[in-house]
Amino acid sequence: MGLSEQKLVMDMAAWAGNVSSSVMIIFVNKVLMNATGYGFKYATTLCALHYMACTISIWITQAMGGVKKVTLPFTDLLLFTATANLSIVSLNLSLMINRVGFYQIAKLLIVPFVCLVERFWLQRHFSRPVIASILVVVAGVGIVTVTDLQVENNMLGLVVAGLSVVSSGMQQIFCRTMQQKHGLSSHELLSNTAPAQGWTLMLLGPFLDRYISAAWVFNYDWNVPALTFLALSCACAVGVNVSQFMCLGRFSAVSYQVLGHSKTMLVLLGGWAFLGDQINLKQLAGMALAVVGMVAYGVASNQYATLPHMLGSFGTAKKEEV
């Protein structure tokens, strides 16, 4: 097998792992957090536990000699941690304050935001077919997810949703730029960012969850079935984070966002197949349109690929053999 074939296999494996783990964690968390399930309504604390699980998995891999120890410049680590934590908190708040339809519409805006940043900050150029295919995907997913969208006069919801778009887009761009600038693998970058995010969210989570849910996480009924689903959620989170860093290291942030809408389609199909959700003809048409857009994007991006010069303001990462 040649190098190009090996790269294709690894790319497909990274993408398949990211999609499957991302879809599975949604359904696991739905059971875990739903009032009719186990009622674990502490979203920020749950995110902290996810990152702590990732940290433990990275430490085990390092102890086995599978990953090198990496020391990122403190300013880089601080910038990434603050941006990633802001993304998580704002997304959770947006989902809580806004309707699901508006929350999904806001998330779709991450794609054009990332395009604008890569175009004007990282000097990346996109061909007209690429831009057109992105618009087709956004239109298709928009039809699927917001068929019942109702316009709300909610200024706080608008501000939080806008903050989630900016922070989420910047987090994905930082993943790629830091990996390429410092020559890091996905595991090496994650070995620095996961502990920082885990500890900061662990300190912030209980207080934020107390404000949002009016209850302390310490008072939760820690029964065995709930702990089982919590452990399964953390295991899925490890898969999501590792595969996400692998994808963002291999693909551009725009590619990750556009192709990532396949997760939305799988979630809708899973809800229809396992949870009794209804899918109407308008949603089916939107799904078909999004798939066409994804195929068109793949063709267009392969024909016209421009790799940007990454940020030069970051320091140099130091690697130490285990």
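Sequential numbering of the sequence shown, starting at 133, is according to our numbering. From the three backbone atoms N, C-alpha and C, an ideal C-beta is built for every residue, glycine too.
Range of the contiguous alpha helix (DSSP H) that encloses residue i
{"i": "residue 200", "result": "Counting along the chain, residue 200 falls outside any alpha helix (DSSP H), and DSSP gives it neither H nor E."}
{"i": "residue 241", "result": "From DSSP, residue 241 is part of no alpha helix (DSSP H); its letter is neither H nor E."}
{"i": "residue 299", "result": "287-314"}
Contact check, residue i vs residue j, beta carbons under 7 angstroms
{"i": "residue 323", "j": "residue 219", "result": "no"}
{"i": "residue 177", "j": "residue 349", "result": "yes"}
{"i": "residue 184", "j": "residue 330", "result": "yes"}
{"i": "residue 179", "j": "residue 335", "result": "no"}
{"i": "residue 122", "j": "residue 358", "result": "The structure shown does not extend to residue 122, since the chain is modelled only from 133 to 454, so the question has no answer here."}
{"i": "residue 270", "j": "residue 305", "result": "no"}
{"i": "residue 187", "j": "residue 326", "result": "yes"}
{"i": "residue 292", "j": "residue 226", "result": "yes"}
{"i": "residue 378", "j": "residue 146", "result": "yes"}
{"i": "residue 415", "j": "residue 150", "result": "no"}
{"i": "residue 418", "j": "residue 275", "result": "yes"}
Rounded Cβ spacing between residue i and residue j (contact assumed at less than 8 angstroms)
{"i": "residue 362", "j": "residue 212", "result": "Not really, about 26 angstroms apart at Cβ, beyond 8 angstroms."}
{"i": "residue 521", "j": "residue 263", "result": "There is no way to answer for residue 521, as the model of the chain reaches only from 133 to 454."}
{"i": "residue 421", "j": "residue 268", "result": "6 angstroms"}
{"i": "residue 192", "j": "residue 369", "result": "With 8 angstroms as the limit, residue 192 and residue 369 do not qualify as a contact, their Cβ atoms being about 15 angstroms apart."}
{"i": "residue 154", "j": "residue 372", "result": "5 angstroms"}
{"i": "residue 208", "j": "residue 310", "result": "6 angstroms"}
{"i": "residue 222", "j": "residue 295", "result": "5 angstroms"}
Residue i in three-state terms, based on DSSP
{"i": "residue 282", "result": "No answer about residue 282 holds up, because its pLDDT of 46 lies below 50 and its placement is not dependable."}
{"i": "residue 352", "result": "coil"}
{"i": "residue 378", "result": "helix"}
{"i": "residue 317", "result": "coil"}
{"i": "residue 367", "result": "helix"}
{"i": "residue 255", "result": "coil"}
{"i": "residue 412", "result": "coil"}
{"i": "residue 230", "result": "coil"}
{"i": "residue 455", "result": "Since the displayed the chain opens at 133 and closes at 454, residue 455 lies outside it and no answer follows."}
{"i": "residue 139", "result": "helix"}
{"i": "residue 166", "result": "coil"}
{"i": "residue 158", "result": "helix"}
{"i": "residue 212", "result": "helix"}
{"i": "residue 146", "result": "helix"}
{"i": "residue 175", "result": "helix"}
Given residue i as reference, the closest of the options once Cα atoms are compared
{"i": "residue 427", "options": "265, 327, 145 and 183", "result": "265"}
{"i": "residue 432", "options": "161, 261 and 137", "result": "261"}
{"i": "residue 229", "options": "210, 256, 195 and 289", "result": "289"}
{"i": "residue 321", "options": "205, 141 and 196", "result": "205"}
{"i": "residue 273", "options": "238, 257 and 253", "result": "238"}
Residue-chain proximity (residue i, chain C), Cβ-Cβ < 7 angstroms
{"i": "residue 183", "result": "Here chain C cannot be found, since the structure has a single protein chain."}
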